[in-house]
Amino acid sequence: MQSDHPAFDTHADQKEPSYSTFRHWVDRFIPANFHDLPGLARRLLLEGKPAGRMAIVYSIMGLIMIPFDSVLQIAERKYYDHIGQSQLPQLFVCGAPRSGTTVVAQTLIKHLPVFYFNNLTSLFPRSPITANKLFGRMLPDNQQELPLESFYGRTTRLSYPNDALYIWDRWVGLDRKKIPTAFAPATQVELARFFSAIEAYSGKPLVAKNNNLNTYAHLVAPVLPHAYFICLDRDPLYLAQSLFLARKFINGDEHLPYGIQGPVSKKDDPMEDICQQALFHQALNKRQQERIGADRFIILPYEDFCSRPAYWVAKVAEEILGQPLDRAKLEAQLPPLTVANKRKVDAATFQALAKTLDRLTTP
Numbered sequence: 264m265q266s267d268h269p270a271f272d273t274h275a276d277q278k279e280p281s282y283s284t285f286r287h288w289v290d291r292f293i294p295a296n297f298h299d300l301p302g303l304a305r306r307l308l309l310e311g312k313p314a315g316r317m318a319i320v321y322s323i324m325g326l327i328m329i330p331f332d333s334v335l336q337i338a339e340r341k342y343y344d345h346i347g348q349s350q351l352p353q354l355f356v357c358g359a360p361r362s363g364t365t366v367v368a369q370t371l372i373k374h375l376p377v378f379y380f381n382n383l384t385s386l387f388p389r390s391p392i393t394a395n396k397l398f399g400r401m402l403p404d405n406q407q408e409l410p411l412e413s414f415y416g417r418t419t420r421l422s423y424p425n426d427a428l429y430i431w432d433r434w435v436g437l438d439r440k441k442i443p444t445a446f447a448p449a450t451q452v453e454l455a456r457f458f459s460a461i462e463a464y465s466g467k468p469l470v471a472k473n474n475n476l477n478t479y480a481h482l483v484a485p486v487l488p489h490a491y492f493i494c495l496d497r498d499p500l501y502l503a504q505s506l507f508l509a510r511k512f513i514n515g516d517e518h519l520p521y522g523i524q525g526p527v528s529k530k531d532d533p534m535e536d537i538c539q540q541a542l543f544h545q546a547l548n549k550r551q552q553e554r555i556g557a558d559r560f561i562i563l564p565y566e567d568f569c570s571r572p573a574y575w576v577a578k579v580a581e582e583i584l585g586q587p588l589d590r591a592k593l594e595a596q597l598p599p600l601t602v603a604n605k606r607k608v609d610a611a612t613f614q615a616l617a618k619t620l621d622r623l624t625t626p
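Heads up, the sequence shown is in my numbering, so the first residue is 264 and it goes up one at a time.
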């Protein structure tokens, strides 16, 4: 199946990859698209917050748990076989990398009666339900005390939220920088069955974050008819700045991309390359909304969410979950959040990004 956008032709319709080799398992914990793993580990240990250092710990623990995960997978598959269709809403938070998806997902998880993927699932990517059945009862029930903090989407405790991209790898492949163009019928069945199993286990609506869904939500929407997508849209200048910093920290080089890029690549000019990426995602968000409909694909300005988070949480509770909240009480518990839109790079870099965006967006 071919897409109507060149960027979508980078990933063919695919089946779930074979996990018989050790490399396939390792990629669950150490994604192959990282360019400088030794350097990244050093930066996480020396410069990162506790959540960054815990990311290393969880990766090591995940590797140790590979044999156990393989065994638990047998029970996990059997559980999937006895599940009906899901009926409750699934709410997916998506958007460009560094657009504010983490704080939105965490806020919804903290204030709504929903299920979410925790860090425990990262240790058992092939058997997340079975692992939570066995070990989840040992974790503290601290959902309403969840701190709104992370480090590049990472959190500290086993009970805290995780993006769970390793679960999506089952259906879209291990290269997270490629965009799927279609799901095979068998993949659609597997995807629907998994999220039905999640509902059967939890008995709650789901809130999950996956930034990359803004590139293929149109493939998921017909498979999960009760799914909604909240897509973050951030001021392009500050998004570009954050992408620049992510390239430097995660990859150690501003020339190396962070996250999914569009068809236009300017590796010799990182300022333009980054700005093109920011604008690509902005256009992509609108395209997904056109495909799915504004009732299910909601574009949410990051800045607006931070200025009135209680309004948005209440809106989701009422219009998507069908569970109205006490707005006055919620507003007292959830005051406006700090907007991270301020200059964090040197003046010359910030000005270069601003001028490049102005040039690219001026007719």
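Ideal placement from N, C-alpha and C gives every residue a C-beta, glycine not left out.
Indicate whether residue i and residue j have their beta-carbon atoms separated by less than 7 Å.
{"i": "residue 395", "j": "residue 422", "result": "no"}
{"i": "residue 352", "j": "residue 519", "result": "no"}
{"i": "residue 409", "j": "residue 373", "result": "yes"}
{"i": "residue 600", "j": "residue 500", "result": "no"}
{"i": "residue 496", "j": "residue 572", "result": "no"}
{"i": "residue 392", "j": "residue 460", "result": "yes"}
{"i": "residue 355", "j": "residue 427", "result": "no"}
{"i": "residue 560", "j": "residue 551", "result": "yes"}
{"i": "residue 390", "j": "residue 462", "result": "no"}
{"i": "residue 465", "j": "residue 378", "result": "yes"}
{"i": "residue 362", "j": "residue 502", "result": "yes"}
{"i": "residue 388", "j": "residue 343", "result": "no"}
{"i": "residue 580", "j": "residue 375", "result": "yes"}
{"i": "residue 538", "j": "residue 623", "result": "yes"}
{"i": "residue 477", "j": "residue 425", "result": "no"}
Just the Cα atoms here: how many angstroms apart are residue i and residue j?
{"i": "residue 609", "j": "residue 509", "result": "15 Å"}
{"i": "residue 447", "j": "residue 567", "result": "38 Å"}
{"i": "residue 286", "j": "residue 404", "result": "Model confidence at residue 286 stands at a pLDDT of 46, short of 50, so the residue's coordinates are unreliable and nothing is read from them."}
{"i": "residue 576", "j": "residue 314", "result": "25 Å"}
{"i": "residue 578", "j": "residue 357", "result": "18 Å"}
{"i": "residue 587", "j": "residue 360", "result": "31 Å"}
{"i": "residue 607", "j": "residue 437", "result": "32 Å"}
{"i": "residue 432", "j": "residue 442", "result": "12 Å"}
{"i": "residue 625", "j": "residue 618", "result": "10 Å"}
{"i": "residue 371", "j": "residue 541", "result": "25 Å"}
{"i": "residue 284", "j": "residue 546", "result": "With a pLDDT of 47 at residue 284, under the threshold of 50, the modelled position of this residue cannot be trusted, and the question is left open."}
{"i": "residue 557", "j": "residue 368", "result": "19 Å"}
{"i": "residue 513", "j": "residue 340", "result": "35 Å"}
{"i": "residue 337", "j": "residue 491", "result": "30 Å"}
{"i": "residue 562", "j": "residue 493", "result": "6 Å"}
{"i": "residue 311", "j": "residue 299", "result": "16 Å"}
{"i": "residue 326", "j": "residue 611", "result": "43 Å"}
{"i": "residue 511", "j": "residue 517", "result": "5 Å"}
So residue i and residue j are in contact, right, with Cβ under 8 Å, and what is the actual spacing, rounded?
{"i": "residue 523", "j": "residue 475", "result": "6 Å"}
{"i": "residue 445", "j": "residue 555", "result": "Actually they are not in contact, since the Cβ atoms of residue 445 and residue 555 sit about 16 Å apart, beyond 8 Å."}
{"i": "residue 616", "j": "residue 507", "result": "7 Å"}
{"i": "residue 411", "j": "residue 366", "result": "6 Å"}
>> Does the region 484-499 come into contact with the region 447-462, if we say contact requires no fewer than three beta-carbon pairs (one atom in each stretch) closer than 8 Å?
In response: yes
> Are the region 587-595 and the region 519-539 touching by the rule of at least three beta carbon pairs closer than 8 Å?
Replying inline: no
> Hey, is the region 413-420 in contact with the region 314-326, meaning 3+ C-beta pairs nearer than 8 Å?
Replying inline: yes
> Along the chain, which unbroken stretches of the alpha helix (DSSP H) at least 4 residues long are found entirely within the region 553-603?
Replying inline: 565-570, 572-582, 590-596
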